[in-house]
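Heads up: the protein sequence lines correspond to chains C and X, in order.
The first sequence stops at residue 335 when you use the numbering used here, and every number in between is there.
The second sequence stops at residue 523 when you use the numbering used here, and every number in between is there.
Report on one structure; see the data block that follows.
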Amino acid sequence: MYKLTIGEKTYYCQPGESVLDTFLRENVNISFACKKGTCHSCIVRSPNILPPESAQVGLKNTLKKLNHFLACLCHPEQNMVIKLPDQSEFYTEGTVVVNQLLNRNTLLLIIAFKDAFEFNAGQFVNLQRPDGLTRSYSIANIPQASNTLEFHIRRLPDGRFSEWLHDEIKTGDTIAVSEARGHCFYLPERKEQGLVLVGTGTGLAPLAGILTDALGHGHSGPIYLFHGSREVDDLYRVDEMRKLAEQHQNFYYIPCLSGKHVPEGFTHGRVNEIALATLVDLKDWRVFLCGHPEMVNQMKKMTFLKGASMKDIYADAFLITAT
Amino acid sequence: MSKTLYERIGGEPAVSAAVEIFYRKVLNDYRINRFFDNVDMDKQIDKQKAFFTMAFGGPNNYTGADMRKAHAHLVEIGLDDSHFDAVMEHLGATLVELEVPDTLIAEAAAIAESARKDVLGK
Ligand SMILES: Cc1cc2nc3c(=O)[nH]c(=O)nc-3n(C[C@H](O)[C@H](O)[C@H](O)COP(=O)(O)OP(=O)(O)OC[C@H]3O[C@@H](n4cnc5c(N)ncnc54)[C@H](O)[C@@H]3O)c2cc1C
Ligand code: HEM
Ligand code: FES
Chain C
13 MYKLTIGEKT YYCQPGESVL DTFLRENVNI SFACKKGTCH SCIVRSPNIL PPESAQVGLK
73 NTLKKLNHFL ACLCHPEQNM VIKLPDQSEF YTEGTVVVNQ LLNRNTLLLI IAFKDAFEFN
133 AGQFVNLQRP DGLTRSYSIA NIPQASNTLE FHIRRLPDGR FSEWLHDEIK TGDTIAVSEA
193 RGHCFYLPER KEQGLVLVGT GTGLAPLAGI LTDALGHGHS GPIYLFHGSR EVDDLYRVDE
253 MRKLAEQHQN FYYIPCLSGK HVPEGFTHGR VNEIALATLV DLKDWRVFLC GHPEMVNQMK
313 KMTFLKGASM KDIYADAFLI TAT
Chain X
402 MSKTLYERIG GEPAVSAAVE IFYRKVLNDY RINRFFDNVD MDKQIDKQKA FFTMAFGGPN
462 NYTGADMRKA HAHLVEIGLD DSHFDAVMEH LGATLVELEV PDTLIAEAAA IAESARKDVL
522 GK
């Protein structure tokens, strides 16, 4: 059992626990969102000893050098002194400039920044509430001259963060936003490659950014977007996507509904099954999967079996963290 | 000093190429794919890399006891010689597809074969 020291306080990391587990058990005020090394919101620092290598996976070299590490991935190998980061190091204040509903349960939030915000379309950021509650949300636009980021937020019943955004946040409010993270984005190379984008619900957010980016770069291969939900009222941006499909002859938009009521112009069935039935051979295709974790995991396997190479499969599972 | 099989086959890039072909074969094989259900693809790919690195006699930290432990829960649900043979088949076919010379394939097969007792918990 190793000692973890923060300032004057000492905590004991039990066998099998991560540093994050210990801190949460002891009610230390530390932010986290994924508990699996993806979101980087649990970043802390060990000023005098090198943290285990496995707790620094995916961090930038500059942060590694300063002994920053991810508390959720750290299983201590010796006693550690730990510094919680000054949050302002990692978060920028943005101002909400648009706050309106895209459909009955999805909020369009546009946040503006003073300075340019660096990101690739399709990446995500962590938003943080003043009490420290942190959640990841995907960026839905491409870099703008106006330094704005667009988000699509689905209201989850009793979801702490999403209800707060829906019910309490107003235009003019400021909100803390982390740097952009994640590997699910478009690279402007092999432009003749086929692209298949599959998303459920607000999984459309990163896919919309990726789509805009690909079209903007003059991607010439076929681009298929499959967007699914149960009912037609839970889809959004349907008309905009149809219009894009009219304007770009290599872009195909297939809105899918798994519920009973399927109006004209929509395909009946689960989005993953329809995508797989439509595209028979995915050899040499690039695949983007966003949204429901089960859909994402199942599709990673299925698109691989249909010939897509692992390195061409990009995915963001919208995991919900159990707390 | 003579080069290891791992180096002669082509090291890490060869392993990566082999994993794609091999894993697709395994997941498509009804005789054994049930052992690979419910595993996270990314983690599984890492494990397949470990498998090939081992089969090529490359750098790895696995002992026979580790192999027993890693496969014990599979033995419990029926992993036996027939499944082991199927994996050996795919290993061979993968290397043939990658145009690895026969003599090297034989070496890799012999290394993998030597893990049979541990994998099957005998
Ligand atoms: C990389 C990434 C990108 C994401 N991008 C987006 C995006 O673009 N848009 C978007 O809308 N979301 C996105 N998400 C999901 C988002 O981060 C949040 O998980 C989501 O908004 C829910 O947070 P919440 O605080 O509102 O809900 P939480 O309070 O975390 O609860 C989530 C749900 O689980 C239920 N719940 C909570 N605890 C329990 C319990 N103990 N037992 C049973 N049920 C429970 C709640 O009632 C609620 O319905 C993304 C997630 C990841 C990881
Ligand atoms: C040819 C000899 C074999 C070798 C050298 C070998 C090697 C390995 C290695 C190195 C791992 C990773 C262990 C870890 O890090 O956890 C592993 C895991 C695994 N192996 Fe094998 N393996 C062999 C045969 C088989 C066979 C015959 C099957 C089933 C048909 C099989 C199925 C699996 C599965 C499902 C896992 C993942 C276990 C888990 O994560 O739950 N292996 N193997
Ligand atoms: S990286 Fe640790 S909680 Fe997400």
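Think of the CB as a built atom: it goes at the ideal place given N, C-alpha and C, for glycine as much as any other residue.
Can the beta-carbon of residue 32(C) be found closer than 8 Å to that of residue 23(C)?
no
For residue 196(C), name the three-state secondary structure that DSSP assigns.
coil
Separation of residue 463(X) from residue 357(C), as counted between CA atoms
Nothing about residue 357(C) can be reported from this structure: the residues present for chain C run from 13 to 335 only.
Cβ shell of residue 95(C) (< 7 Å), same chain only, five flanking positions each side left out
56, 57 and 59
Where does residue 512(X) fall in DSSP's three states?
helix
Roughly how many angstroms lie between the CA atoms of residue 508(X) and residue 515(X), to the nearest whole one?
11 Å
Within 10 angstroms of its Cβ, does residue 207(C) collect 16 or more other Cβ (buried), or is it exposed?
buried
Enumerate in chain order the residues of its own chain whose CB-to-CB distance from residue 125(C) is below 7 Å, with the five nearest sequence positions on each side excluded.
104, 106 and 159
Mapping DSSP to helix, strand and coil, what is residue 69(C)?
Residue 69(C) carries a coil assignment under DSSP once its states are collapsed to helix, strand and coil.
For a cutoff of 8 Å on Cβ pairs, would you count residue 313(C) as touching chain X?
yes
Whole runs of the beta strand (DSSP E) within the region 142–218 of chain C, excluding any shorter than 3 residues
146–150, 160–166, 186–190 and 207–212
Against residue 422(X), what residues of chain C qualify as contacts under a CB-to-CB distance less than 9 Å, listed in chain order?
What residue 422(X) touches in chain C: nothing, since even the nearest Cβ is about 10 Å away.
Would the C-beta of residue 116(C) count as close to ligand 1, meaning under 7 Å from any of its heavy atoms?
no
Bridge partner(s) assigned by DSSP for residue 92(C):
16(C)
If you run the structure through DSSP and keep just helix, strand and coil, what is residue 232(C)?
coil
Grab the span of the beta strand (DSSP E) containing residue 435(X) for me, first residue to last.
Boundaries for residue 435(X): no beta strand (DSSP E) harbours it, and the DSSP string shows neither H nor E there.
8 Å Cβ cutoff, residue 71(C) in contact with chain X
So, not an interface residue.
What are the residues in the region 447–473 of chain X lying within 9 Å of chain C by C-beta distance?
none
Inspect the CB distances between the region 271–281 of chain C and the region 303–313 of chain C and report whether three or more fall short of 8 Å.
Output reads no: the region 303–313 of chain C does not touch the region 271–281 of chain C.
Cα separation between residue 483(X) and residue 269(C)?
43 Å
Is the beta carbon of residue 506(X) sitting closer than 8 Å to the one on residue 521(X)?
no
Is residue 194(C) near ligand 3 - that is, is its Cβ less than 7 Å away from at least one heavy atom of it?
no
Compute every distance between the C-beta of residue 34(C) and the non-hydrogen atoms of ligand 3, then say whether any falls below 7 Å.
no
Sequence-ordered residues whose beta carbon comes within less than 7 Å of a heavy atom of ligand 3
32(C), 44(C), 45(C), 46(C), 47(C), 48(C), 49(C), 50(C), 51(C), 52(C), 53(C), 54(C), 82(C), 83(C), 84(C) and 85(C)
Whole-angstrom distance between residue 110(C) and residue 118(C), CA atom to CA atom:
13 Å
Are residue 423(X) and residue 491(X) touching if we call contact CB-CB under 8 Å?
yes
Could you name the residues of the region 499–511 of chain X whose beta carbon sits closer than 7 Å to any beta carbon of chain C, in the order they occur along the chain?
none
Kindly list, in the order they appear in chain C, the residues whose Cβ is closer than 7 Å to that of residue 406(X).
The contacting residues do not exist; residue 406(X) stays about 24 Å from chain C at best.
Spell out the partners DSSP gives residue 239(C) in its beta bridges.
211(C) and 267(C)
Within the same chain, show all residues whose beta-carbon is closer than 7 Å to that of residue 52(C), passing over the 5 residues directly before and after it, in chain order.
The answer, listed in chain order, is 82 and 193.
Shorter than 7 Å, the distance from the beta carbon of residue 248(C) to the closest heavy atom of ligand 1, or not?
The answer is no for residue 248(C).
Chain X within 8 Å of residue 307(C), Cβ atoms only:
no
Within the region 78–133 of chain C, ranges of the beta strand (DSSP E) (whole runs, at least 3 residues)
80–82, 103–115 and 118–124
Mind listing, in chain order, the continuous beta strand (DSSP E) runs of no fewer than 3 residues lying wholly within the region 284–318 of chain C?
298–303
What does residue 321(C) reach in chain X if we use C-beta pairs closer than 7 Å?
Below the 7 Å Cβ cutoff, chain X contributes 421 as neighbours of residue 321(C), in chain order.
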